[in-house]
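Enquirer: Here you go, one structure.
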Amino acid sequence: MIHRFYVHNYRSLENFELPISGLSSTLLIGKNGAGKSTVGFALEILQKIGRGINRVGELLLPRDISHGKLDAPVRIELEVDLEGVRYEYKLAMDLPAGFRELRVAEESLVVGGESKFDRRVADVTLPPLGGAPAARIGLDWHLIWLPIMQATSDSDPVHVFTQWLARMIILRPYPLRIKGDSTEETLHPNTEVTNLGDWWSGLIAHAPAAYSRIDASLKLLMPDLKDIKNPVIARDSRSLIVQFAGQKAVPSLPFELLSDGEKCMVIWALTMAANDAYGPVLCFWDEPDNFLAISEVADFATDLRRAFQAGGQFIATSHNPEAIRQFSDDNTFVLYRRNHLEPSQIRSLASLNYSGDLIGALTRGELEP
Amino acid sequence: MSANNYRPHLLVLPEDDANRQMLVGFRNYRAVNSRQMPIQNVAKGWRKALTAVLEDHVRMMRTYPNRHVLLVIDFDNQVARREDILSQMPADLRDRFGCSDEPERLFAALGTRPESIGEMLATDCNQDTSFTWGHEMLTHNASELERLRVNVKPFLFHQQG
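Here it is as structure tokens:
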């Protein structure tokens, strides 16, 4: 669970801290352009690092620096508790005069209070280990050290942490582009979930029992669903097909012919099953209510909240009144900025005074920190 | 594609936003069959809530015989308000209608968040205890709570403990 997530000088986030420590599910609300999605983009940088992307230029572009403020580095700091151990990862990237690509200015990882490495620009310092003295390594300053660092086993804290980063589920689904085909197995859905077939295959291969969880969840929203199969269609290639009850006389439906909302229901079911199967994971879902019928939104949001109560963390953004009503003042945060030159501010809804009901206050634009 | 209307369910009408948040906590309790407990928009006042019941929900309770309706309001220390409200319900629907008093000052008295209070109340319901329902501000709900236990608990909770 995230204890602290701090971002500075990245797009609209300046000296920004996400106050979600201790909360299993949270909702970010606010006007368009307030910075809700930007929180997801900042988390995505860490997810990409966990997934092995180590070139700074593939993580961050000069245009991502807040208002071109080149005199200060972009800072991303994450403190997370995994299995009772605190992991503290800090990364600062700057763009010195004459550079076209940002470089690493500072990077460090501390696990349970002990340094795993500490870096200043190109110099990486590894602490003494097993009687061996501290070591210094020179590294291209355009490369992140964390994905390169060798883990000695699956229980090595470096592996535990990078795997947790890699398994973050950050979602901005683009249903029209989701086909259901797969050529590999992965536990790493991309943000648009265009590799849903690969994720399905990877999840079922990793934990076959996940299918029953997915099946049970989907049948709550699609009572006439019979099953979803993933047959081989060519060498090293599979494709999801969907069978509905009473459909014996007609062939199964190719996954891509499901509606946008139904595809999101499958993503929803996979997300909850993934948290069960290889969690606890952090899930950031940008507007999970998109594409859904209004009658589905409350259960959809409630089920996600409940799925993360026992472990993991769920962060949603929303403009949908029905989704917003499934959260309360203590786990809803308002992002706000008066104009595009100001940084995003974040406040707990509980700390804001608004009169009447929340949706009315939102409609009237009264939620200002 | 919700089928809730044709299965036993409890439609809950909160008077205000604090009550709504408490009900969200109740519904998020792990043993609650959340799909059978839709929470409606806040009514913004108990009179408006009652009007909504009489003008809209009475008709729909007859359309959907498995629908139960619970009004969650603040009695403002007027304990007779419950009888006044119940007396306005058609006799054939009274078994499927309930009215619970959740005073706003309860949140301050218990010193915790509405969602947490909702979860505590659900825990009591599930485990047949009265740690929270037994609070002095809620004890006058005892007879109504017993009615809900008989009529609603069998479908609202899907596991014990």
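Protein chains in written order, with the numbering used here: chain G, 1368 to 1736; chain H, 24 to 184. Glycine included, C-beta positions come from ideal geometry on N, C-alpha and C.
Taking all protein chains shown into account, do 16 or more other C-beta atoms lie within 10 angstroms of the C-beta of proline 1429 of chain G, making it buried, or fewer, making it exposed?
Expert: exposed
Enquirer: With 8 Å as the limit, tell me which residues of the region 48-71 of chain H have their beta carbon closer than that to any beta carbon of chain G; keep them in chain order.
Expert: If the cut-off is 8 Å between Cβ atoms, the region 48-71 of chain H has Gly48, Arg50, Asn51, Arg53, Ser57, Arg58, Pro61, Ile62, Asn64, Val65, Lys67 near chain G.
Enquirer: I believe isoleucine 1369 of chain G touches glutamine 1680 of chain G by the beta-carbon criterion, under 8 Å. Please report the beta-carbon distance rounded to the nearest angstrom.
Expert: Indeed, because the Cβ distance is near 6 Å, the residues count as touching under 8 Å.
Enquirer: In whole angstroms, what is the alpha-carbon distance linking aspartate 79 of chain H and glycine 1424 of chain G?
Expert: 59 Å
Enquirer: Rounded to whole angstroms, what is the Cα-Cα separation between glycine 48 of chain H and leucine 179 of chain H?
Expert: 14 Å
Enquirer: Measure the CB-CB distance between arginine 1580 of chain G and methionine 1535 of chain G and report whether it falls below 8 Å.
Expert: no
Enquirer: Taking leucine 34 of chain H as the reference, which of H/Leu94, H/Met143, H/Trp69, H/Thr152 has the closest Cα?
Expert: H/Leu94
Enquirer: With 8 Å as the limit, tell me which residues of the region 125-153 of chain H have their beta carbon closer than that to any beta carbon of chain G; keep them in chain order.
Expert: Arg136, Pro137, Glu138
Enquirer: Is isoleucine 1420 of chain G helix, strand or coil by DSSP?
Expert: Residue state for isoleucine 1420 of chain G is assigned as coil, using DSSP reduced to three classes.
Enquirer: Assess, as a yes-or-no matter, whether the region 1699-1713 of chain G is touched by the region 1659-1674 of chain G under the definition of 3 or more beta carbon pairs within less than 8 Å.
Expert: no
Enquirer: Check the Cβ-Cβ distances between alanine 1674 of chain G and every residue of chain H, and say whether any is below 8 Å.
Expert: no
Enquirer: Any beta carbon from chain G within less than 8 Å of glutamine 101 of chain H's own beta carbon?
Expert: no
Enquirer: Cβ of leucine 161 of chain H within 8 Å of Cβ of valine 92 of chain H?
Expert: no
Enquirer: Confirm, please, whether the CB-CB distance from threonine 1558 of chain G to arginine 1539 of chain G is below 8 Å.
Expert: yes
Enquirer: Counting contacts by CB-CB distance shorter than 8 Å, is leucine 1649 of chain G in contact with chain H?
Expert: With 8 Å as the cut-off, leucine 1649 of chain G does not count as an interface residue toward chain H.
Enquirer: Label glutamate 1322 of chain G either buried or exposed according to how many other C-beta atoms from any shown protein chain fall within 10 Å of its C-beta, with 16 as the threshold for buried.
Expert: The structure shown has nothing for residue 1322 of chain G, since chain G only spans 1368 to 1736.
Enquirer: Between alanine 1533 of chain G and chain H, is there a C-beta pair that is closer than 8 Å?
Expert: no
Enquirer: Considering Cα atoms alone, identify which of G/Tyr1377, G/Trp1567, G/Ala1499, G/Asp1565 is closest to leucine 1469 of chain G.
Expert: G/Tyr1377
Enquirer: In its own chain, which residues sit with a C-beta less than 6 Å from the C-beta of phenylalanine 1528 of chain G, not counting the 5 before and 5 after it?
Expert: Tyr1454
Enquirer: Could you spell out where the beta strand (DSSP E) holding proline 37 of chain H opens and where it closes?
Expert: Per DSSP, proline 37 of chain H belongs to the beta strand (DSSP E) from 32-37.
Enquirer: Could you list which residues in chain H have their beta carbon closer than 8 Å to that of leucine 1725 of chain G, in chain order?
Expert: Asp40
Enquirer: Give the DSSP-derived three-state secondary structure of aspartate 1603 of chain G in the structure shown.
Expert: coil
Enquirer: In chain order, what are the residue ranges of uninterrupted alpha helix (DSSP H) at least 4 long that sit wholly in the region 1564-1601 of chain G?
Expert: 1577-1588
Enquirer: Can leucine 1380 of chain G and glycine 1402 of chain G be called in contact, C-beta distance under 8 Å?
Expert: Yes, Cβ-Cβ distance for leucine 1380 of chain G and glycine 1402 of chain G is below 8 Å.
Enquirer: With a 10 Å radius around its C-beta and 16 neighbouring C-beta atoms as the bar for buried, classify histidine 32 of chain H as buried or exposed.
Expert: Flag for histidine 32 of chain H reads buried.
Enquirer: For serine 1522 of chain G, count neighbouring Cβ atoms within 10 angstroms of its own Cβ and tell me buried if that reaches 16, exposed if not.
Expert: Serine 1522 of chain G comes out exposed.
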